[in-house]
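Report on one structure; see the data block that follows.
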Amino acid sequence: MDERVREHAAVLVDWSARVEAGDDVVLSVGPAAHELAVAVAEKLGDRGANLLATYGSGEITRAYLRAHDGDFDESPAHELAVVENADVYLSLGGGRNTSAMADVPGEQRRAYNEARTEIRERRLGTRWVSTVHPTRSLAQQANMAYEEYRDFAYEAILRDWESLADEMAQLKEALDAGSELRLVSRGTDLTMNIEGRTAVNSAASVAYDSHNLPSGEVFTAPDATEGEVTFDVPMTIRGESVRNVRLEFDDGEVVDYDAAQGGDVIDDILETDAGARRLGEVGIGMNRGIDRYTDNILFDEKMGETVHLALGRAYDACLPDGESGNESAVHVDLITDVSEESVLEVDGEVLQRNGVFRFEDGFDA
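Okay, structure coming up:
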């Protein structure tokens with residue numbers, strides 16, 4: 042076993058999920074994540090946690106959804122019981138086919154997701170963390186040799202997370218103190234209300250209300266979005282290629298959209314429910330260990346010199362106590378490159394110009 046697999050497992054269990062003795066842990070394992078699962082299981086056994094391993098496969102889900110009549114039971118009790126009794130939920134991605142779900146009809150996906158809303162909410166109430174094991178299918182999607190991709194992935198995952206958390210705290214402080222966030226770049230002039238919201242310093246640990254490994258972003262839940270935004274980073278969403286998406290917002294809601302490719306996917310997302318037409322997140326990438334696009338949202342949205350916006354569900358960690366944010370059965374991220382001809386402002390003060398923050402060397406005031 043590559044020693045970096047064990048290092049990955051240690052970061053996941055110790056830093057990210059903060060697993061303690063006696064914790065009830067669900068470990069969802071992708072088809073090609075076996076090696077990482079073994080290393081994680083070893084760490085959990087050493088910690089004295091209680092392990093339930095499950096198998097998560099896009100191909101299995103595809104077969105089930107395509108065969109089902111679409112009348113799904115609401116939150117089946119056996120599945121709900123698992124997440125209700127879990128302290129920690131760890132998802133180890135790594136499939137054989139990154140487009141396994143491409144031919145599942147949109148209405149079938151929506152019905153399935155809506156029926157599992159309570160299960161999803163219960164899972165999000167655990168100390169959940171999602172990560173991926175570098176696989177050949179992910180390397181192929183990123184257009185890299187497998188060995189090259191593996192090096193890339195571990196450069197992003199095996200960071201000095203405590204130091205990065207300190208750096209990102211400066212961005213969190215600026216967003217927490219602000220009322221209006223404005224992004225201007227090629228094809229984009231968008232304003233978002235962030236007053237009263239709490240930005241999350243997403244340092245790859247539940248201790249920071251962060252649930253992805255790798256992470257390296259600061260995000261918050263915007264409101265009252267106005268203007269238009271162009272997403273120029275190519276992505277694969279629901280197994281289909283999506284290119285150059287443009288969204289226009291009025292009174293917080295998408296009122297017009299188009300895409301050079303994948304417009305049907307965007308249409309399907311927006312038709313999910315009322316919340317799918319509103320933003321649930323604005324995130325600013327700060328992980329400079331991610332130095333190229335890989336067509337994998339777990340990595341790409343954390344890349345330095347990018348901003349991403351999510352249609353759909355807002356995260357409770359960004360909201361004041363007792364306040365409900367945008368609710369939806371989906372949370373779909375789209376990314377824009379801000380490395381050139383771009384400005385990010387908080388209350389009229391430049392926070393980032395051309396990908397460089399005002400607290401970094403090389404900032405052009």
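Residue numbers (our numbering): 42 to 406. For each residue, glycine too, the CB sits at the ideal point set by N, CA and C.
I'd like the list of long-range same chain contacts for residue i, defined as Cβ closer than 6 angstroms, with 5 residues on each side in sequence excluded.
i	result
aspartate 264	Asn234
alanine 240	Lys213, Leu216, Asp217, Val259 and Thr261
glycine 280	Ser140, Met142 and Ala143
arginine 103	Ala141, Met142 and Val145
aspartate 250	Val241 and Ala358
alanine 156	Phe113 and Glu115
glycine 366	Ala262, Ala355 and Leu360
tyrosine 190	Pro175, Ala180 and Ala183
arginine 284	Pro275, Ala301 and Gln302
methionine 344	Gly326 and Ile331
threonine 271	Gly228, Thr229 and Arg287
So, at 7 angstroms on beta carbons, what are the nonlocal neighbours of residue i in its own chain, with the 5 sequence-adjacent residues on each side left out?
i	result
glutamate 159	Ser116 and Leu121
valine 306	Ile278, Arg279, Glu281 and Val283
Count the other CB atoms within 10 Å of the CB of residue i; is the residue buried (16 or more) or exposed (fewer)?
i	result
alanine 315	exposed
histidine 252	buried
serine 380	exposed
glycine 237	exposed
asparagine 242	buried
proline 175	buried
serine 369	buried
isoleucine 101	exposed
alanine 50	buried
methionine 42	exposed
aspartate 309	buried
glycine 403	exposed
alanine 118	exposed
arginine 150	buried
asparagine 337	buried
valine 406	At residue 406 the sequence reads alanine, which differs from the valine that was named. Classification of alanine 406: exposed, given that the 10 Å Cβ count is below 16.
valine 296	exposed
alanine 244	buried
alanine 108	exposed
In whole angstroms, what is the alpha-carbon distance linking residue i and residue j?
i	j	result
leucine 339	phenylalanine 113	29 angstroms
glutamate 364	arginine 164	20 angstroms
alanine 210	glutamate 203	11 angstroms
leucine 254	threonine 167	16 angstroms
alanine 152	aspartate 110	10 angstroms
leucine 77	glycine 330	21 angstroms
glutamate 44	glycine 99	28 angstroms
aspartate 378	aspartate 87	43 angstroms
glycine 63	glycine 321	34 angstroms
valine 170	leucine 199	15 angstroms
valine 387	glutamate 148	39 angstroms
leucine 106	serine 282	21 angstroms
threonine 229	glycine 389	16 angstroms
serine 246	tryptophan 56	6 angstroms
alanine 58	threonine 172	11 angstroms
phenylalanine 400	glutamate 346	14 angstroms
glutamine 393	tyrosine 96	42 angstroms
glutamate 48	glutamate 196	12 angstroms
aspartate 273	valine 286	7 angstroms
alanine 127	valine 391	43 angstroms
alanine 206	valine 46	23 angstroms
serine 9	threonine 232	With the chain covering only 42 through 406, there is no way to say anything about residue 9.
proline 72	arginine 161	21 angstroms
asparagine 154	threonine 313	10 angstroms
phenylalanine 398	leucine 224	14 angstroms
tyrosine 187	tyrosine 334	15 angstroms
aspartate 201	valine 60	19 angstroms
alanine 248	glutamate 269	34 angstroms
leucine 385	aspartate 192	31 angstroms
Below 8 angstroms CB to CB, which residues in the same chain sit around residue i once its five sequence neighbours on both sides are set aside?
i	result
glutamate 474	Any question about residue 474 goes unanswered here, given that the chain covers just 42 to 406.
asparagine 138	Gly99, Glu100 and Ser178
Looking at the C-beta of residue i, does it have a partner C-beta in chain D at a distance below 9 angstroms?
i	result
threonine 377	In summary, chain D is missing from the structure at hand, where a single protein chain is found.
Give me the Cβ distance between residue i and residue j, rounded to the nearest whole Å; I'm assuming they're in contact under 8 angstroms.
i	j	result
glycine 257	methionine 327	5 angstroms
glycine 373	leucine 222	This sequence places valine at residue 373; glycine is not what is there. So it is not a contact: roughly 20 angstroms between Cβ atoms.
leucine 311	histidine 349	Between histidine 349 and leucine 311 the Cβ distance is about 17 angstroms, and since that is not below 8 angstroms, they are no contact.
arginine 319	glutamate 342	Their Cβ separation, rounded to whole angstroms, is 19 angstroms, which puts arginine 319 and glutamate 342 out of contact at 8 angstroms.
valine 54	leucine 85	6 angstroms
alanine 74	glycine 135	3 angstroms
glutamate 267	aspartate 291	7 angstroms
How about residue i: is its Cβ closer than 8 angstroms to a heavy atom in the ligand ZN?
i	result
asparagine 242	In the structure shown, the ligand ZN is absent, as is every other ligand, since no ligand is present at all.
Are at least three pairs of beta-carbons, each pair with one atom in the segment 76 to 91 and one in the segment 129 to 140, less than 8 angstroms apart? The segment 76 to 91, when compared against the segment 129 to 140, does touch it at the 8 angstroms Cβ threshold.
Cβ contact check for the segment 60 to 68 and the segment 85 to 93: 3 or more pairs under 8 angstroms: The segment 60 to 68, when compared against the segment 85 to 93, does touch it at the 8 angstroms Cβ threshold.
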